[in-house]
Every structure is written in C-alpha cells, then in structure tokens.
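Following UniProt numbering, the numbering of the sequence shown begins with 1 at its first residue and continues without gaps. Glycine included, each C-beta is placed from N, C-alpha and C at the ideal position. Since this is a predicted model, take the numbers as computed values, not measurements. Here is the structure we will look at, set down as structure tokens.
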Amino acid sequence: MESKRWCFQGNQDLQKASAITIGGVLAMLRGNLNKDDPRPLIPLGHGDPSCFPSFRTAAAAVDAIVTALQSHEYNSYAPIVGVLPARRAIADHLNRELPYKLSPDDVYLTVGCRQAIEISLAALNRPGANILLPRPGFPTYEAYAASKNLEVRHFDLLPDKDWEVDLDGIEALADENTVAMVIINPGNPCGNVFSYHHLKKVADTARKLGILVIADEVYDHLTFGSTPFVPMGVFGSIVPVLTLGAISKRWLVPGWRLGWIVTTDPNGILNQTGVVKSITSILNISQYPATFIQGAVPRIIENTKEDFFTKIIGMLREAADICCNTIDEIPCISCPKKPEGGMFVVVKLNLTMMEGINDDVDFCMKLANEENVLVLPGAAVGMKNYVRITFACELSSLEDGLTRIKAFCKRHIKINQ
Ligand SMILES: *Cc1c(COP(=O)(O)O)cnc(C)c1O
Ligand SMILES: *[C@@H]1O[C@H](CO)[C@@H](O)[C@H](O)[C@H]1NC(C)=O
Ligand SMILES: *[C@@H]1O[C@H](CO)[C@@H](O)[C@H](O)[C@H]1NC(C)=O
Ligand SMILES: *[C@@H]1O[C@H](CO)[C@@H](O)[C@H](O)[C@H]1NC(C)=O
C-alpha cells in the first residue's frame, strides 16, 4: 500500500534548546575518556557533590522525611501551590532577612529550582518579549527560553570587577519588550557574591527600565568570603522580585526536587500585572514535588543545626583556597577572582602560552583523555576560553585533580614563547 507522508515530526525547537545543557557537554567529555587509564576519574565538572561522603545531608533532613512518611499525612495529592506548612516555613525562613513580611501566599513550591526557572520564564513570556540573562550564566535559562521562543539578550558579568553586572550594558540592551533580568547570587559559574551596594544598583536599574528581577538564590548563604549574602528581596519595594530557591544545594539533596518561587514584592505589582495569576495558571497544569517532601520542609528548615551549615561552608572555603592557590602556581591558567560563595570557580585559559590546544572545549576534551579529569568548558556557560571547575568534592580528589591539571598544563606549555 502506498503510504501517505507522515504528518508529524519531532519538535525542532526543543532539540535546539536541549543542545546546550551542562549534562550534554559532560556526556560528550565522558565519551573522550581513556578507558585504559588506571587512575580514578576526578569529576570536577558537575554541580552535585552529594555523592561524596563529606557532603552528606543533615541527619535532621533525613529524619524529617521519615517523620513525614510515618505520619501518613502526606500520601494525598497536594494543593497546586504546595502544602501550607511548607509555604509558611519558607516564608518565615526568608522573613528573617527582609524589611517587610512575606505571607505563605507569596510562596509557590516547585520541582526543584529548575521548575521555578521554567515557570518564571513561562509566566512572563508573550509574543515579542525578551529577557536579559547573565554571561557567563546557567544554561538552563537559555534552554527554557529557547523552548518557549522567548528571545534572550546577554549582559556581561565583568571579570575585572569581581564579576559584577555590567549595568551600562543592561541599559543598552533593554527595550520596551524587555520583561526581566536574571541574577544568580551567589554566582554559578563565577562563585561571586554581590554586595548590598551592587544589588541596590541592580534594583535601581531594573526599576528605571520597568523590568522585574528574577533572583536565583539557589546557593543562598553558601558564602565563605568577606561579602555577606544579601537577598535581592531586600530591594522588593524598589523593584518587584521573583526569588527562586531550593533545598537542593544548601542541604545537598538535589535529588529530592524541592524548590520555590517567591513573590518578594511588597507593593503587589506582580499581582496587579497578572504575573501571579500566570504563575498559578501554569502550576494548575504542571507537576509538583512529591507531597511527603513538601510535608518534610518545616522540619528540614527548623531542625537542621547550625553546625551542619558551618561544616559545609568550612569545607567549601578550604576547597576554594586549595583550588585558587594551586591554580596560581600553574602557568597558562588563572583565576580572575577567588570565589566567595557557591561551588565553582571560573578559570581563564591563556591559549597563546599553550601548544596544541585550540580552545576551551579542546582543553577539556584533552584533559579528560590524558588525565581522567572532567572540568566544564566555558562555552557551556557562555564564556569561551574559560573553564568552570567545581571545588565541592572530597578534598583528596580535588587535590589529585588539580595535580593532574598542573601536569597537563606543563606538558602543553609552549617551549619558545
Ligand atoms: C543547580 C542550579 C539550579 C537548579 O536547582 P535544582 O533545585 O537542582 O533544580 C538552578 N540555578 C542554578 C544557578 C543552579 O546552579
Ligand atoms: C491582587 O489583585 C486583585 C485584582 O487585581 C485584587 O482584587 C487582590 O486584592 C490583589 N491581591 C493582593 C494580595 O494584593
Ligand atoms: C487553578 O485551578 C483551581 C482549581 O483547581 C481554580 O480554582 C483556579 O481558578 C485555577 N487558577 C487559575 C489561575 O487558572
Ligand atoms: C598570556 O601570556 C602571555 C605571556 O605570559 C602574556 O603576554 C599575555 O598577555 C597573556 N594573555 C592573556 C590573554 O592573559
């Protein structure tokens, strides 16, 4: 029988969007490992340290899940915005640092921070709209924007100004179709922490342009330098803010998939402009985190002892120090700014000093192959000829990995420069 031409095909836009994920790039590097290398693989490309024994979550968090399950109170479907005790616990948690009071109604629970990103972008999208994203940044934003045909414009984070936002660049990029700008603080990939003063300027700029700020604070309070963490919501009366967060990074449980969107907006502008309604409309047709995880949130937040955070932050500080001190000893690569928060450092490659390395992707491919070490090419986060190194891993592995990076750079240095 003569077959009719099929009327369907895969969605090409989605293929374009998912081409730029960190997972995809790391999978490509893994494909280039040398299987005969007897040394253990050192993974410094990931963003999930929970597999390392030193980065185990708090006992209180595990107990909270067990308690939620044993109560049999969380076996049902949940309200689409999330269960009230969890929303209240998150509001109270954020209220400790805000000059006004959030209510539980300002909090929407999501499947990790990733879904918070997806919902925020979808809620703001309209034909012709554009959004301003940081470069370097976190490619999930680009991927979701592409899947929604939301135009992306990039502003720079300035390496010689502690990775601060190029505010003049923002004003030049924005037009009447710009809906929002995204900041990630503490930063991924740069490990920077924005000062109060800089965040105030970000708020003033956004207000002037009439755009809202999406503040990705998934690394909130994971800071270990001289700049304290300040939530963007502090400036919520200057400019409306959508605060995105999760327990994933701070409690080291990304697999539990519990995040949130919070309308940190005391003037109710997000309500007036219909953004709140869009968020609930999307939630009405979306998935939400498992009810027992939601039920555990109040105990996770209340019962986790300060020692747990102090220990994790101490390990991150030590790891960041080791990382930057070792990089300083390596010719060909340099660290523009020592990280003050988060889990990553961005390192600059000096390719003119190196023999046989074309660019950052080539550097990472050859490093994987010759040294069994994975680091993320800057191209994956919008920063060509840089690499992102994760220092959140077992210290012995980190040291081993850095020693191998040093050997690799020495081997590839140009003899006659
Ligand atoms: C890890 C990460 C996320 C995603 O968080 P999940 O809770 O794991 O979905 C979002 N934004 C940034 C900047 C991240 O590093
Ligand atoms: C949100 O806006 C609606 C109408 O625009 C108004 O009726 C309602 O009171 C507002 N809610 C809050 C919490 O401000
Ligand atoms: C979401 O669904 C509920 C019913 O489950 C409905 O009452 C509400 O109006 C819906 N909200 C939006 C914004 O569509
Ligand atoms: C690379 O190193 C060379 C030699 O040390 C130096 O002259 C040059 O400025 C460096 N380039 C960059 C981009 O850092």
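### Task
Could you please go through the chain and list the residues whose beta-carbon is closer than 5 Å to any non-hydrogen atom of ligand 2?
Gly268 and Asn271
### Query
In whole angstroms, what is the alpha-carbon distance linking Ser120 and Gln15?
21 Å
### Query
Assuming Ala184 and Phe138 make a contact with CB atoms under 8 Å, what is their CB distance in whole Å?
Before going further, note that residue 184 is Ile rather than Ala in the sequence given. Yes, they are in contact, since the Cβ atoms of Ile184 and Phe138 sit about 6 Å apart, within 8 Å.
#### Entry: Proximity test, Ile214 beta-carbon vs ligand 1 heavy atom, cut-off 7 Å
no
### Query
Helix, strand or coil: how does DSSP classify Lys200 here?
helix
### Query
CB-CB under 6 Å to Asp48, same chain, minus the five flanking residues each way: which ones, in chain order?
Pro254
### Task
Taking 8 Å as the cut-off, decide whether the C-beta atoms of Phe155 and Asp166 are in contact.
yes
### Query
Roughly how many whole angstroms lie between the Cα atoms of Ile322 and Val81?
43 Å
### Query
Around the C-beta of Phe408, are 16 or more other C-beta atoms found within 10 angstroms, so that it is buried, or is it exposed?
buried
### Euclidean distance between Cα positions of Leu133 and Asn34
36 Å
### Query
Would the beta-carbon of Thr352 be found less than 7 Å away from any heavy atom of ligand 4?
yes
### Message
Is it the case that the segment 222-239 contacts the segment 190-199, given that we only count it when at least three CB pairs across the two stretches are under 8 Å?
### Response
yes
### Residue environment, Lys249, which counts as buried when at least 16 other CB atoms sit within 10 Å
buried
### Message
Tell me the DSSP secondary structure of Met354 in three-state form.
### Response
strand
### Task
Run the CB neighbour count on Val107, radius 10 Å, all protein chains shown included, and call it buried at 16 or more, exposed below.
buried
### Query
Which residues in the same chain have their Cβ closer than 8 Å to the Cβ of Thr67, if we skip the five residues on either side of it in sequence?
Ala296 and Arg299
### Query
Does the Cβ of Phe138 lie closer than 7 Å to at least one heavy atom of ligand 1?
yes
### Query
ligand 1 heavy atoms versus the CB of Ser248: any closer than 7 Å?
yes
### Query
So does the segment 304-321 actually touch the segment 334-349, counting three or more Cβ pairs closer than 8 Å?
yes
### Message
Just checking Ile119 against ligand 1 - is the residue's beta carbon closer than 7 Å to any of the ligand's heavy atoms?
### Response
no
### Query
Which residues share a DSSP beta bridge with Thr130?
It is Asn, not Thr, that sits at residue 130 in the sequence shown. According to DSSP, which records beta bridges pairwise, Asn130 is partnered with Glu151 and Thr178.
### Alpha carbon of Ser334 to alpha carbon of Thr291, nearest angstrom
46 Å
### Cβ shell of Trp256 (< 6 Å), same chain only, five flanking positions each side left out
Ile293
#### Entry: 3-residue-minimum beta strand (DSSP E) runs that sit fully inside the segment 89-142, ordered along the chain
107-110 and 130-135
#### Entry: Expected contact under 8 Å - CB spacing of Glu375 and Cys364 to nearest Å
With the sequence shown as reference, residue 375 is identified as Val, and Glu is not the correct amino acid for it. Rounded, the Cβ-Cβ distance is 6 Å, consistent with contact.
### Query
Under a three-way DSSP split, which group does Ala392 fall into?
coil
### Task
Pull up the distance between the alpha-carbon of Pro104 and that of Gly268, whole angstroms please.
14 Å
#### Entry: Three-state class that DSSP yields for Ile80 in the structure shown
coil
#### Entry: Any non-hydrogen atom of ligand 1 closer than 7 Å to Ile301 Cβ
no
### Message
Contact between the segment 300-307 and the segment 89-99 is defined here as three or more beta-carbon pairs at a separation below 8 Å; is this criterion met?
### Response
yes
### Residue interval of the beta strand (DSSP E) (run including Ala246)
Val241 to Ala246
### Message
So, under 8 Å CB-CB, Ala122 and Lys148 are touching, yes? Tell me the CB distance rounded to an integer number of Å.
### Response
6 Å
### Message
Tell me the DSSP secondary structure of Val165 in three-state form.
### Response
strand
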